[in-house]
Structure formats: C-alpha cells, structure tokens
Amino acid sequence: MLENSIGPVPLQAYLIVAAFLFCTGVWGLINSRNAVRVLMSIELMLNAVNINLMSFSSYVDGSVIRGQVFSIFVITVAAAEAAVGLAILLSLYRNRVTIDMESFNLLKW
Numbered sequence: 009m010l011e012n013s014i015g016p017v018p019l020q021a022y023l024i025v026a027a028f029l030f031c032t033g034v035w036g037l038i039n040s041r042n043a044v045r046v047l048m049s050i051e052l053m054l055n056a057v058n059i060n061l062m063s064f065s066s067y068v069d070g071s072v073i074r075g076q077v078f079s080i081f082v083i084t085v086a087a088a089e090a091a092v093g094l095a096i097l098l099s100l101y102r103n104r105v106t107i108d109m110e111s112f113n114l115l116k117w
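Note that the sequence shown covers residues 9 to 117 in my numbering.
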C-alpha cells in the first residue's frame with residue numbers, strides 16, 4: 009500500500025482522480041471543435057489509464073512491475089499518437105487554414 013506523511017493512501021483516492029481525469033478527457037473529446045484540444049483530451053484519457061495501471065500494480069503486488077511496464081507502453085503509444093496527430097493537423101492546416109473539426113470533411117461522401 010502506498011504511504012504518505014499522514015498514512016496509507018487508499019486505492020479509492022487514486023481511482024477517483026483517474027476517473028475525474030478520464031471524464032474530463034471524454035467531455036473535452038465530445039464537446040471540443042478544436043483539433044488540438046481533441047488531442048489534449050485523448051492525452052488526458054491516456055494519463056488516467058496510466059494512473060489506474062500504476063495504482064493497481066502497487067496495490068495488487070508491490071514487488072511485480074507489470075503495471076509500470078504497461079504504463080511505459082501507454083506512454084510510448086501516447087507520444088506516437090501525439091506526433092502523428094500533430095503532423096496530420098499541420099498538413100490539414102496548410103491545406104484548409106483552420107483547425108476546426110467541423111470543417112474537416114475530406115472523407116465524407
């Protein structure tokens with residue numbers, strides 16, 4: 009169990025923080041029309057997953073580092089997603105001169 013200066017931190021505290029981050033990311037993903045804000049919302053959701061992986065790894069078995077390994081995989085996928093997403097956004101911005109999600113209808117019939 010993780011400890012701080014007051015005492016052990018319950019698992020529910022980490023889960024509440026992760027749920028708040030994930031819900032904030034989903035809300036930003038649904039309500040945002042700015043493409044950069046959508047990418048930031050996806051990053052928030054992936055960080056919430058990382059918090060869950062780390063906290064469950066610590067509480068289930070503190071000596072095994074499976075959660076940390078999965079968390080590093082999620083971080084590398086998030087970095088690749090950010091790089092590819094920003095490259096696509098730069099390409100779209102050069103062609104359309106906007107990053108509004110409503111104006112990206114290139115694949116619609």
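Yeah, the Cβ is synthetic: ideal placement off N, Cα and C, and Gly gets one too.
Same chain only: Cβ atoms within 7 Å of residue i, ignoring 5 sequence neighbours per side
i, result
"Phe64", "Gly75"
Three-state secondary structure (DSSP) of residue i
i, result
"Asn113", "coil"
Enclosing alpha helix (DSSP H) for residue i [first to last residue]
i, result
"Arg25", "Correcting the residue identity first, residue 25 is Val in this sequence and not Arg. Val25 -> alpha helix (DSSP H) spans Leu19 to Asn39."
Those residues which DSSP pairs with residue i across a bridge
i, result
"Asn42", "Asp108"
Own chain, CB closer than 8 Å to residue i, minus 5 neighbours either side, in chain order
i, result
"Leu29", "Leu52, Met53, Asn55, Ala56 and Ile59"
"Arg41", "Asp108, Met109 and Glu110"
"Val77", "none"
Chain-order list of residues whose beta-carbon lies under 6 Å from that of residue i (same chain, five-residue window excluded)
i, result
"Gly93", "Leu47"
Residue burial classification, residue i (beta-carbon count within 10 angstroms, cutoff 16)
i, result
"Leu61", "buried"
"Ala26", "buried"
"Ala43", "buried"
"Ser99", "exposed"
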